[in-house]
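Heads up, the thing below is written out as structure tokens.
Numbering (the numbering used here), first residue to last: 29 to 785.
Structure representation (structure tokens):
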């Protein structure tokens, strides 16, 4: 059948419909009595509808186009009585690639052409979005009010929400987090139980009232917010304070360009300077407080405050000479105090300063002020971007995804779970899931009594293709510290959550709780490949500094230098790379410019490496094991430091012998008790391992017994020169064949193994 024949069939179908049911001729208006009724059939003929705009094949416009066509066909049913005429009408509204597609299936008498419902279904398969498409959910989570009015934000949110399939609780949480902070603050007292629509109406009402109040005071132009109209005035540029987080500045090159060309440093226009810039808003009175918290005494006093029959202990700073009074909004709600909004505000950058009663002080040297954003917790809570190092979860061929069970939770655990889910949803780290996979969710107790959320990914890890990127050998890495005299330790914030899950693999991270089903958008803790993936990522970020002045083990970063001036330059280079890759640090866990640091269980200084004093004390006070598990735990803990203990293998042999053949109970012997006490004593007298100097000769001392061989690597160092162990003590048990060697061959074997080590 030719193309002309197919189009002729379309024309014939439409002509037949018009011949059987001609369009009604307009009649002059008639005067009807009050009790005269108009029949539905007359309404259909009297209310013709406009045809939809031609559809060219856009995925975004597919559903809207089909809706318009269905309305026309429903209201003007008399014009399209047959299934063929309905299909013909829809095809006549197509253009471009959509028309070419329709022409091909019409000319071939495709089975999907009739009935009309089949044609629409096939039309959606070709031009519509797939039912499993997750882009709506991604767009909904990333939707923020920004410069939109609340009305515009609510309209866009409702449009996406209708297509998302999320439950009301998830939608309300997402809507709340996307609101302007000032609107969200006014709605903080409203519970989620009021429902999504009621919450949206309240947000529009609050924003409208606030905008009306602001418009009545035109003199306060600087206070005009971005709540209800787009394009409103931006907040004034903050002062250039040394550690002001969130401030954005001109790059040195851009600043120099504007100065050279006599351009304004604020707007970049010629003809005026920054002090006379016509668009620069006047600076408000700002109380900027940047404290140096160092060995401070407690500033606050614990007292009791009573209001509305509520009495609670509070921390307060009593100052009779204070120029202003401040109270926490959360405390006002707790005490049921009535508050009203003021028209004239005094912006304050720091509303409270708390002395470190329990947490240690945070002291960031002023020379790193340009990198203050790297220490900002608020920026760290944002969803990271996709990178080439996204976490992939490839499953072994033929394996099916696991589905765990729901663990019952106690009341405190349920509360902790709700807080965790709400926070993770707000940050965009998780989202509601419809995945067929589901791992179990539970809590583990922390040392401080808190609860740590855990996902049981053991079944998923078992069928996951392993990523074999190696983790650094810590003892070998520490050999590069030779000559360093000053150290800085950095601790990354969020760690694994800095890595996104690869597109298409998010459903595999799904977990179930008693109240919902969720999946991760970022790499969670517990995945088998998480350490290797993150090590690969951080290694690439700091690749050019490795073994020069940086050591990295997952989220722990050690910077070492020979002098303080060189050290500052090294730290600045590292911070610059972290900022470039949007990585953030925990300021409270960082140590700057230290002569010695604790790193990965070792005490490190310019002299060498020692065991961590805290861990040595734990071994010294270790109670006598009474079960197999307790003995395994002790040996595992002690084995970490075996390189410091001479004759470790011989000393621990009576203990390891108790674990042969996997016994179910522990048979404690006299020799085991002596070995246990001797080993604990050896840890308290372990030597300092000096940093090896490749420019000096090494001395290898070996020894062999009937069952074991051992070696010590040493160097002459110090003044006066003395022999010091510089790498580790090496010991190995002989296998049955090696036990038969004579003494000479055992000594040679010891030399061979020592050199290989």
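Each residue gets a CB set at the ideal place from its N, CA and C atoms; glycine is no exception.
For residue i and residue j, which I take to be in contact (beta-carbon distance under 8 angstroms), what is that distance rounded to the nearest angstrom?
i: residue 483; j: residue 527; result: Incorrect: roughly 16 angstroms between the Cβ atoms, too far for contact.
i: residue 124; j: residue 85; result: 6 angstroms
i: residue 666; j: residue 530; result: At roughly 40 angstroms, the Cβ-Cβ gap does not stay under 8 angstroms, so residue 666 and residue 530 are not in contact.
i: residue 732; j: residue 775; result: 5 angstroms
i: residue 464; j: residue 614; result: With a Cβ gap of about 37 angstroms, residue 464 and residue 614 do not count as contacting.
i: residue 516; j: residue 680; result: So it is not a contact: roughly 36 angstroms between Cβ atoms.
i: residue 83; j: residue 121; result: 6 angstroms
i: residue 115; j: residue 147; result: 5 angstroms
i: residue 448; j: residue 600; result: Wrong, their Cβ atoms sit about 36 angstroms apart, outside the cutoff.
i: residue 779; j: residue 730; result: 5 angstroms
By Cβ distance below 6 angstroms, which residues in the same chain neighbour residue i in space, the five residues on each side in sequence not counted?
i: residue 523; result: 583
i: residue 634; result: 513
i: residue 456; result: 169, 411
i: residue 320; result: Unreliable placement is indicated for residue 320, whose pLDDT of 42 sits below 50; no coordinate value is reported for it.
i: residue 194; result: 460
i: residue 505; result: 579
i: residue 454; result: 205
i: residue 706; result: 679
i: residue 119; result: 130
i: residue 511; result: 590
Could you give the residue range of the alpha helix (DSSP H) that holds residue i?
i: residue 107; result: Element bounds for residue 107: n/a, residue is neither H nor E.
i: residue 685; result: 676-685
i: residue 481; result: Run containing residue 481: none in the alpha helix (DSSP H); it sits in the beta strand (DSSP E), 479-484.
i: residue 773; result: 771-784
i: residue 150; result: 144-155
i: residue 408; result: 405-408
i: residue 556; result: That residue, residue 556, is in no alpha helix (DSSP H); it is neither H nor E in DSSP.
i: residue 87; result: Taken as a continuous stretch (DSSP letters only), residue 87 belongs to no alpha helix (DSSP H), as it is neither H nor E.
i: residue 179; result: 178-192
i: residue 124; result: 124-135
From residue i to residue j, what distance separates their C-alpha atoms?
i: residue 66; j: residue 151; result: Any answer about residue 66 is weak, because its pLDDT of 40 lies below 50 and its placement is not dependable; what the coordinates show is given next. Whole-angstrom Cα-Cα distance: 37 angstroms.
i: residue 661; j: residue 490; result: 25 angstroms
i: residue 222; j: residue 602; result: 49 angstroms
i: residue 200; j: residue 535; result: 22 angstroms
i: residue 220; j: residue 197; result: 7 angstroms
i: residue 507; j: residue 481; result: 37 angstroms
i: residue 663; j: residue 712; result: 16 angstroms
i: residue 409; j: residue 612; result: 10 angstroms
i: residue 90; j: residue 97; result: 11 angstroms
i: residue 466; j: residue 485; result: 9 angstroms
i: residue 617; j: residue 557; result: 26 angstroms
i: residue 181; j: residue 172; result: 8 angstroms
i: residue 737; j: residue 608; result: 50 angstroms
i: residue 70; j: residue 106; result: Legend: pLDDT at residue 70 = 37, less than 50; position of this residue unreliable, value from coordinates given subsequently. Cα-Cα distance, rounded: 11 angstroms.
i: residue 471; j: residue 458; result: 17 angstroms
i: residue 487; j: residue 581; result: 27 angstroms
i: residue 675; j: residue 770; result: 21 angstroms
i: residue 540; j: residue 429; result: 14 angstroms
i: residue 400; j: residue 610; result: 13 angstroms
i: residue 572; j: residue 671; result: 30 angstroms
Quick one: what's got a C-beta closer than 7 angstroms to residue i's C-beta in the same chain, skipping five residues either side?
i: residue 708; result: 647, 648, 650
i: residue 298; result: 290, 291
i: residue 230; result: 215, 218
i: residue 552; result: 483, 524, 537
i: residue 564; result: 417, 497
i: residue 598; result: 577, 587, 589
i: residue 700; result: 682, 683, 686
i: residue 155; result: 85, 87, 90, 126
i: residue 212; result: 204
Along the chain, where does the beta strand (DSSP E) containing residue i start, and where does it finish?
i: residue 518; result: 514-519
i: residue 497; result: Note, residue 497: premise wrong, no beta strand (DSSP E); not H, not E.
i: residue 460; result: 458-460
i: residue 438; result: Unbroken run through residue 438: none, as it is neither H nor E.
i: residue 804; result: Since the first residue shown for the chain is 29 and the last is 785, residue 804 is missing from the structure and cannot be characterised.
i: residue 546; result: 544-548
i: residue 541; result: 539-541
Ignore the nearest five residues each way along the sequence and tell me which others in residue i's own chain have a CB closer than 8 angstroms to its CB.
i: residue 659; result: 653, 683, 686, 687, 694
i: residue 640; result: 626, 629, 630, 631
i: residue 568; result: 417
Can you give, in chain order, each stretch of the beta strand (DSSP E) that sits fully within the region 578-627 and has at least 3 residues? Taking only runs of at least 3 residues, the beta strand (DSSP E) segments lying wholly in the region 578-627 are 578-581, 584-589, 619-622, 624-627.
To test your reading of the DSSP string, which unbroken alpha helix (DSSP H) runs of 4 or more residues are found completely within the region 649-677? Qualifying alpha helix (DSSP H) stretches, in chain order: 656-667.
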